[in-house]
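Following UniProt numbering, the numbering of the first sequence begins with 1 at its first residue and continues without gaps. Glycine included, each C-beta is placed from N, C-alpha and C at the ideal position. The structure presented is a predicted model; accordingly, all values stated were derived computationally and were not measured. This report concerns only the one structure given below.
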Amino acid sequence: MASVSSQPQFRYTQPPSKVLHLRNLPWECTEEELIELGKPFGKVVNTKCNVGANRNQAFIEFADLNQAIAMISYYASSSEPAQVRGKTVYLQYSNRQEIVNNKTTADVAGNVLLVTIEGQDARLVSIDVLHLVFSAFGFVHKITTFEKTAGFQALVQFSDAETATSAKNALDGRIIPRYLLSENIAPCTLRITYSAHTDLSVKFQSHRSRDYTNPYLPVAPSAIDGSGQFSLGLDGKKLEPESNVLLASIENMQYAVTLDVLHMVFSAFGPVQKIAMFDKNGGVQALIQYPDVQTAVVAKEALEGHCIYDGGFCKLHISYSRHTDLSIKVNNDRSRDYTIPNPAMVNPQPSILGQQPVQTVGATAAHQYNGTQYAPPHPQPSAGWASGVPAVPQSAAGQMTSHPYMPPASMPQMTPAGMMQMPAHSGVPPAGAVPPYRPNPM
DNA sequence: AGCACA
1 MASVSSQPQF
11 RYTQPPSKVL
21 HLRNLPWECT
31 EEELIELGKP
41 FGKVVNTKCN
51 VGANRNQAFI
61 EFADLNQAIA
71 MISYYASSSE
81 PAQVRGKTVY
91 LQYSNRQEIV
101 NNKTTADVAG
111 NVLLVTIEGQ
121 DARLVSIDVL
131 HLVFSAFGFV
141 HKITTFEKTA
151 GFQALVQFSD
161 AETATSAKNA
171 LDGRIIPRYL
181 LSENIAPCTL
191 RITYSAHTDL
201 SVKFQSHRSR
211 DYTNPYLPVA
221 PSAIDGSGQF
231 SLGLDGKKLE
241 PESNVLLASI
251 ENMQYAVTLD
261 VLHMVFSAFG
271 PVQKIAMFDK
281 NGGVQALIQY
291 PDVQTAVVAK
301 EALEGHCIYD
311 GGFCKLHISY
321 SRHTDLSIKV
331 NNDRSRDYTI
341 PNPAMVNPQP
351 SILGQQPVQT
361 VGATAAHQYN
371 GTQYAPPHPQ
381 PSAGWASGVP
391 AVPQSAAGQM
401 TSHPYMPPAS
411 MPQMTPAGMM
421 QMPAHSGVPP
431 AGAVPPYRPN
441 PM
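Listed below in structure tokens is the structure:
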């Protein structure tokens, strides 16, 4: 056995332990780096990093005392000090015999996330908004929400721990994008840990819980309205029946609002399948069809009462239509079916109304909507929407293509979250989903 | 650069 006596300092000499105490580590040293460091001397059975006020200390626990002794002995006589990322690390025996409570369940990666929504209005965040936010990272199986001492919380179930981890890394500590919430709602911060759950039990589709893998799950009686449609309001309060088709009327239409303008405005929230414009009561109205209700809900909440142009021009009033699938007979300047792959070409096949050609929509959508989704859609104050709106609104359609819908430079390109709303019966996670948040903005 | 916390 090698002697430790070459160490000049004896003041803090510890009796041997299979746990080693490390100091002077680089900030936020990882567990992997600690394992790398200890591996040559034996089996590292546990570690703990980011210890101490400066989070620059750590512990390594070996399977066997002799392995810890081997490591201490080696570096006691080595000319090269132990290093992590080029920084000298100081080693000594710990004064404890094992690492205790290194990991809590919150640290063990799993497929279910425990999400705490912080903020004044946290409990006004709907399950649909949460679904939208988390769907950007993969297929969300189930969501449950509940009220605890910690506040308003949700469990979000993904297929696997990897997907959950990517969502956690991207979203933990961030706020829910403002434009997904009503504008009078205070900012809501997401705090995310892993849950010990692996499969949530959802008995009803309700305003508190959803199972997106099972469209046949009974809807909670409190969540059904007279028409048999979902009417899942916040805290169960009744709303007008939601629909995937929105009815927009345009007030104070000082400037021409074209089909293209509407398409761009509403595409910010997901793929627009069809638009039909018509005159009513001396004004212009339009029906806008999304593939799913959730996207329509988000669009409605974000756009209701907003103006397409600064100065109170072309104010939008939005309600849910009773339609679920518009019948577009002809593509012209007042109506369009965007689900037809190439509208420029005359399609000899009649459009497949009543069905939802998901792949086709997805493909076109990826092309058309990429980048626009997370441009903040709030007209007045926010960057990216009406701030760049034409001073010469007559050519609005053309101008809007080049200006106001460009996402801010800081926003990574992404696939619209709306597209990732999987049909509930599909159960297949979207491939190549690009999260809307960078894991590490640096 | 000197011993953690669910």
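Once DSSP output is grouped into helix, strand and coil, what is the label at SER209?
Start at 1 with the first residue of the first sequence, and residue 209 comes out as number 209. The answer is strand: DSSP assigns SER209 an E or B state.
Could you give the C-beta distance for SER319 and LEU217, rounded to a whole number, given that I count them as a contact under 8 angstroms?
Counting from one through the first sequence, the residue named residue 319 turns up at place 319. Counting from one through the first sequence, the residue named residue 217 turns up at place 217. The pair is not a contact, with the Cβ atoms about 28 angstroms apart (cut-off 8 angstroms).
Is GLY283 helix, strand or coil when you go by DSSP?
Taking the first sequence and counting its residues from 1, one reaches residue 283 at position 283. In the structure shown, GLY283 sits in a strand (DSSP, three-state: E or B).
So is ARG210 buried or exposed if we call it buried at 16+ other beta carbons inside 10 Å?
As a first step, residue 210 must be located in the first sequence, where it is residue number 210. By the neighbour-count rule (16 or more Cβ atoms within 10 Å), ARG210 is buried.
What is the rounded straight-line gap between the Cα of GLN289 and the Cα of PRO26?
Mapped onto the first sequence, residue 289 falls at position 289. Mapped onto the first sequence, residue 26 falls at position 26. Between the alpha carbons of GLN289 and PRO26 lies a distance of about 53 angstroms.
Is it true that the CB of GLY110 sits closer than 8 angstroms to the CB of TYR194?
Sequence index remark: in the first sequence, residue 194 carries index 194 (1-based). Sequence index remark: in the first sequence, residue 110 carries index 110 (1-based). Contact: yes.
What residue range is occupied by the uninterrupted alpha helix (DSSP H) comprising VAL129?
In the first sequence, the residue the question calls residue 129 occupies position 129. That run of the alpha helix (DSSP H) goes 127–135.
The alpha helix (DSSP H) with THR189 in it runs from where to where?
The count along the first sequence starts at 1 and reaches residue 189 at position 189. Premise fails: THR189 lies in the beta strand (DSSP E), 189–194, not in any alpha helix (DSSP H).
Quick one, are the C-beta atoms of ALA299 and PHE266 less than 8 angstroms apart?
Walking along the first sequence from the start, residue 299 turns up at place 299. Walking along the first sequence from the start, residue 266 turns up at place 266. Taking 8 angstroms as the cut-off, the beta carbon of ALA299 is found closer than this to the beta carbon of PHE266.
Taking ILE99 and ASN46 to be in contact with their CB atoms under 8 angstroms, please state how far apart those CB atoms are, rounded to whole angstroms.
Here residue 99 corresponds to residue number 99 of the first sequence, with the count starting at 1. Here residue 46 corresponds to residue number 46 of the first sequence, with the count starting at 1. Contact holds; Cβ gap of about 4 angstroms.
Three-state secondary structure (DSSP) of VAL19:
For the purposes of this step, residue 19 is taken as the residue at position 19 of the first sequence. DSSP, reduced to helix, strand and coil, places VAL19 within a strand of the structure shown.
Which of helix, strand or coil does DSSP assign to SER321?
Here the question's residue 321 lines up with position 321 in the first sequence. Coil at SER321, not helix or strand.
Does the Cβ-Cβ distance between ASP64 and GLY42 come in under 8 angstroms?
The residue you call residue 64 lines up with position 64 of the first sequence. The residue you call residue 42 lines up with position 42 of the first sequence. The answer is yes: Cβ separation under 8 angstroms.
For a test of the three-state rule: what should DSSP assign to THR339, helix, strand or coil?
As a first step, residue 339 must be located in the first sequence, where it is residue number 339. Reduced to three states, the DSSP call for THR339 is coil.
If you drop the 5 nearest sequence neighbours on each side, which residues of the same chain put their C-beta closer than 6 angstroms to that of LYS142?
For the purposes of this step, residue 142 is identified with residue 142 of the first sequence, where counting begins at 1. Here the set comprises GLN157, LEU200, VAL202, ASP211.
For THR47, which three-state DSSP category applies?
On the first sequence, position 47 is the one that residue 47 refers to. THR47: strand per DSSP, three-state reduction.
Assigned secondary structure, LEU246 (DSSP; H/G/I helix, E/B strand, else coil)
Within the first sequence, residue 246 is the residue found at index 246, counting from 1. LEU246: strand per DSSP, three-state reduction.
Tell me, which residues are paired with residue 460 by DSSP?
Lying outside 1 to 442, the shown extent of the chain, residue 460 is not represented and no answer is given.
Helix, strand or coil, according to DSSP, for ALA58 in the structure here?
Taking the first sequence and counting its residues from 1, one reaches residue 58 at position 58. If DSSP states are grouped into helix, strand and coil, ALA58 belongs with the strands.
Terminal residues of the continuous beta strand (DSSP E) containing HIS141?
The count along the first sequence starts at 1 and reaches residue 141 at position 141. DSSP places HIS141 in the uninterrupted beta strand (DSSP E) bounded by 140–148.
Can you list, in chain order, the residues of its chain with a C-beta nearer than 7 angstroms to that of ALA220? Leave out the 5 residues immediately preceding and following it.
Numbered from its first residue, the first sequence carries residue 220 at position 220. Contacts found: PHE204, GLN205, SER206.
DSSP-derived helix/strand/coil call for GLY371:
Locating residue 371 in the first sequence gives position 371, counting from the first residue. With a pLDDT of 37 at GLY371, under the threshold of 50, the modelled position of that residue is not reliable, and no figure is offered here.
So what's GLN92 in DSSP terms, helix, strand or just coil?
Against the first sequence, residue 92 aligns to sequence position 92. GLN92 falls in the strand class under three-state DSSP.
Range of the contiguous beta strand (DSSP E) that encloses PRO112
On the first sequence, position 112 is the one that residue 112 refers to. Strictly speaking, residue 112 in this sequence is Val, with Pro absent from that position. Taken as a continuous stretch (DSSP letters only), the beta strand (DSSP E) holding VAL112 covers 112–118.
On the three-state DSSP scale, how would you describe VAL257?
Taking the first sequence and counting its residues from 1, one reaches residue 257 at position 257. DSSP places VAL257 in coil when its eight states are reduced to three.
Helix or strand or just coil, what does DSSP make of PRO423?
Position 423 of the first sequence holds residue 423. Note that PRO423 scores a pLDDT of 34, beneath 50, so its modelled location is shaky; the value from the coordinates is reported in the next line. Here PRO423 sits in coil by DSSP.
Can you tell me where the alpha helix (DSSP H) with TYR75 in it begins and where it stops?
As a first step, residue 75 must be located in the first sequence, where it is residue number 75. Residues 65–77.
Touch check for the stretch 162–172 and the stretch 79–98: three-plus C-beta pairs under 8 angstroms?
No: the two stretches stay apart, fewer than three of their Cβ pairs being nearer than 8 angstroms.
Return the CA-CA distance between PHE313 and ALA268, expressed in angstroms with no decimal places.
Locating residue 313 in the first sequence gives position 313, where the first residue counts as 1. Locating residue 268 in the first sequence gives position 268, where the first residue counts as 1. Rounded to whole angstroms, PHE313 to ALA268 spans 19 angstroms at the Cα level.
Between ARG334, THR30, LEU124, which has its C-alpha nearest ALA58's C-alpha?
The sequence position of residue 58 within the first sequence is 58, counting from 1. Of ARG334, THR30, LEU124, the smallest CA-CA separation from ALA58 is found for THR30.
I'd like the span of the beta strand (DSSP E) that includes ALA154, first residue to last.
Locating residue 154 in the first sequence gives position 154, counting from the first residue. Element bounds for ALA154: 151–158.
C-alpha distance - GLN92 paired with GLN14, whole-angstrom precision:
For the purposes of this step, residue 92 is identified with residue 92 of the first sequence, where counting begins at 1. For the purposes of this step, residue 14 is identified with residue 14 of the first sequence, where counting begins at 1. Cα to Cα, the separation comes out at about 7 angstroms.
Contact the stretch 299–309 vs the stretch 326–341: 3+ CB pairs below 8 angstroms
no
Looking only at C-alpha atoms, which of PRO215, GLN120, TYR255 sits nearest to CYS188?
Within the first sequence, numbered from 1, the residue matching residue 188 stands at position 188. Answer by Cα proximity: GLN120.
Grouping DSSP H, G and I as helix and E and B as strand, with all else coil, what is LEU316?
Residue mapping note: residue 316 aligns to position 316 of the first sequence, counting from 1. Of the three classes helix, strand and coil, the one that applies to LEU316 here is strand, per DSSP.
Measuring alpha carbon to alpha carbon, tell me which of SER249, VAL112, GLU61, LEU180 ends up nearest LYS280.
Residue mapping note: residue 280 aligns to position 280 of the first sequence, counting from 1. Its Cα nearest to that of LYS280, the residue SER249 stands out among SER249, VAL112, GLU61, LEU180.
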